[in-house]
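This note's numbering applies: residue 295 is where the sequence shown begins, and numbers increase by one.
All C-beta atoms, glycine included, are put in the ideal place defined by N, C-alpha and C.
Since the model is a prediction, treat every value here as computed from it, not as a measurement.
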Amino acid sequence: MGKSTLDWIALVLIIIGGLNWGLIAINSSWDVVAAIGGGMTGTVARIIYGLVGLAALYTIYYLFKD
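Here it is as structure tokens:
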């Protein structure tokens, strides 16, 4: 079974989130999402963090679907 557009979007968001957390682990001031989104509490950053979280939930579903 091929991957749908939603599958690919979720995968890209998971990769972005993972790379961002990896950078934070190296140096806590390297939060790229916060830098782009106006700080951790900025509206854009919160939207990106929310989308990454939704992508993670979708990926859990994707792992267990037929």
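- By the Cβ rule, the segment 300 to 308 counts as touching the segment 334 to 352, because three or more pairs are nearer than 8 Å.
- Between Ile342 and Val327, the CB-CB gap stays under 7 Å.
- The alpha-carbon of Ser298 is positioned some 17 Å away from that of Ile309.
- The continuous alpha helix (DSSP H) containing Asp301 extends over residues 299 to 320.
- Assignment of Thr337 by DSSP, reduced to helix, strand and coil, places it in the helix class.
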